[in-house]
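A.B. asks:
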Amino acid sequence: MNIENAQVQMRKGILEFCILHIISRGEVYASDMLDELTSARIMVVEGTLYPLLTRLKNAGLLDYKWVESSSGPPRKYYVLTENGKLFLDAMEATWFDLSDSVRTIIHKTGESGQSNTLS
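Rendered as structure tokens:
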């Protein structure tokens, strides 16, 4: 089994959650999302981000507005819709439940009394 593939799949699984969370803080431009994801070591390229943003918009979870730019063409800024906020709240609850469950499994003490941590 290839560890890099497993890591990529884990990151892909939380990408939508992370993007919605970034947008939840206020209007955001796609390149700013890419910068934040990259600084958090979640490597994403435009070819992945834009189709995901389109899918989230088509699902009614986010919207965008065009803003004129003095340094080039207008920029598209994304915002969450009310449905997007509700969806994010549900995803956040699921994330905390899931992370607690995983933490419980990872830190469970085996019969030998030793913790099964992955550190």
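Residues 286 to 404 in this note's numbering are what the sequence shown lists, from first letter to last. For each residue, glycine too, the CB sits at the ideal point set by N, CA and C.
1. Give the DSSP bridge partners of Leu365, in chain order.
2. Can you tell which of Leu383, Arg340 and Thr389 has the C-alpha that lies nearest to the C-alpha of Gly369?
3. For the candidate residues Arg296, Val364 and Met318, whose alpha-carbon lies nearest to that of Lys342?
4. Name the residue from Gly395, Ala375 and Met328 whose alpha carbon lies nearest to the alpha carbon of Gln292.
5. For the alpha helix (DSSP H) containing His306, name the first residue and the last one.
6. Smallest Cα separation from Ala325: which of Arg388, Leu300, Ser309 and Ile390?
7. Cα separation between Met376 and Thr333?
8. Hey, is the segment 301 to 310 in contact with the segment 350 to 366, meaning 3+ C-beta pairs nearer than 8 angstroms?
9. Indicate the three-state DSSP secondary structure (helix, strand or coil) for Glu312 in the structure shown.
10. If you count every other CB in all the chains shown that lies within 10 Å of the CB of Leu373, and 16 or more means buried, which is it?
11. Is it true that the CB of Val352 sits closer than 8 angstroms to the CB of Pro359?
12. Using DSSP's beta-bridge definition, name the partner residues of Val352.
C.D. replies: A quick look at the data gives this:
1. Leu347
2. Arg340
3. Val364
4. Met328
5. Ile288 to Ser309
6. Leu300
7. 20 angstroms
8. yes
9. coil
10. buried
11. yes
12. Arg360
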